[in-house]
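Numbering of the sequence shown is given in our numbering, commencing with residue 45 and proceeding in unit increments. Working notes, beginning with the structure itself.
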Amino acid sequence: MHENKLSNRKETLPVDDDNDIKAMFRHPYLVIFIGRDRGKHFKIKSGTMTIGRSPQADIRLDDDRVSGIHCAIKLTADNITIEDKESKNGTFVDSRKISRVHLPTGVPFQVGRSVMKIEYKNEAEIQYEQSLGHKVSIDALSGIFNRRHFINLASKELAYARRYEQTVAIIIIGIDNFERINDTYGRSIGDLLVNQLADLIREKKRAEDLLGRHGGKTFIIWARGEVEREGIYRQCERFREAAERFKFCHPEACVEITISIGFHLDKPGNGKVKLLMEDLIDKADQALNMAKKNGANQTLAFS
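Here it is in structure tokens:
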């Protein structure tokens, strides 16, 4: 049906407009976020595509735990399936070893040491993600703003809020006992946990709020618009409760985690934006550290 509609418009549209229409449509892409090929995108075509270490594989991975032809992805009109090709180390979908299963969008799967997922993107999004602008603004592991770009965006919000005497709010979220998790389960599980928690926070946050990676185990949120203490506290508790219920799974283990959250509200007065931003973040950080010292798995406001 879509092909007929598109072909009808091709008769009347200029070439540039036709290209713009093509760029609007989303296609499934294989996105690798853990492993030596991290950051690479592969467009999934109709039919069957193989994944492996062999030059004959449609999607070739630089991973010594991947078999020559490790697995295959099959795309039909309404379904994506993944099938293991008798690989030595197995194919895992959402931590379960599989032979052949339906592959939902956004669910991580592991091939050797590489972890990836299927995401629907259009050509414009892919071009941007491969551009320098994306690379300098997005954290490769979590897929959210890196700290530098987050600070640049939040500083503009802060300047506006100062001019119009608006209250602002900063939220900082930290994974409890993250070093112990890395020591116990290994760095690959720690990386996967960071990626899955970023997805969880992005899903639960308000659409208008800015989200960035603050450090190795911490995330930072700028709450846009009108904010008040009780509303920010309730939002933080939604994050905390969602993380507490969620099982972060890897083929080798499922890890239950908790997070601690610190936040700070203020009405910025006169002063340099950079110093005001540093003060806001420092106070939210202090609240986070106090939450961890008080037993963790809790939300605290700076006081």
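From the three backbone atoms N, C-alpha and C, an ideal C-beta is built for every residue, glycine too.
Just measuring C-alpha positions, the residue of C115, A168, A286, S186 sitting nearest L147 is C115. Going by C-alpha positions, V271 is about 20 Å away from Q342.
About 18 Å separates the CB atoms of L332 and I188; that is not less than 8 Å, and the two are not in contact. Boundaries for V159: no alpha helix (DSSP H) harbours it, while the beta strand (DSSP E) harbouring it runs 158-165, taken from the DSSP string. Between the alpha carbons of R104 and W266 lies a distance of about 39 Å. DSSP, read as helix, strand or coil, puts R250 in coil. In this structure, S90 is the residue among S90, I142, S232, I113 with its C-alpha nearest to the C-alpha of L119. Sequence-distant partners of K327 (beyond 5 residues in either direction) whose C-beta falls short of 6 Å from its own C-beta, in its chain, are H308, F346. In the DSSP assignment, Q154 falls within the unbroken beta strand (DSSP E) covering 153-155.
The straight-line gap separating the alpha-carbon atoms of G112 and T135 is approximately 13 Å.
At the C-beta level, D329 and G306 come within 8 Å of one another. Put simply, the backbone Cα of F263 is about 18 Å away from that of L202. Here P72 has I88, L119, I124, I162, Y164 as same chain residues with Cβ atoms under 7 Å from its own Cβ, once five neighbours each way along the sequence are excluded.
Spatial neighbours of S131 in its own chain (CB-CB distance under 6 Å, excluding positions within 5 residues in sequence) are listed in chain order as S111, H114. Annotated as proximal: F292 and I301, with beta-carbon spacing under 8 Å. Taken through DSSP and simplified to helix, strand or coil, K87 comes out as strand.
By the 16-neighbour rule on beta-carbons within 10 angstroms, V137 is buried. Under the three-state reduction of DSSP, D128 is assigned to strand.
Look at Y229 here: in three-state DSSP terms it is helix. Going by DSSP, S199 is part of no beta strand (DSSP E) but of the alpha helix (DSSP H) stretching over 191-207. If you look at D329, you'll find it in the alpha helix (DSSP H) that goes 317-337. S158 is not a Cβ neighbour of N239, given a cutoff of 8 Å.
For the set T92, R284, L319, the Cα lying nearest the Cα of D220 is the one of R284. For F136, no alpha helix (DSSP H) run applies; the uninterrupted beta strand (DSSP E) run containing it begins and ends at 135-137, by DSSP. Nearest neighbour of A101 by Cα position, chosen from R82, K129, K311, turns out to be K129. Distance between R278 and L344, taken at the CA atoms: about 11 Å. About 6 Å separates the beta carbon of R191 from that of H258, a gap short enough to meet the 8 Å contact definition. DSSP places E274 in the uninterrupted alpha helix (DSSP H) bounded by 273-289.
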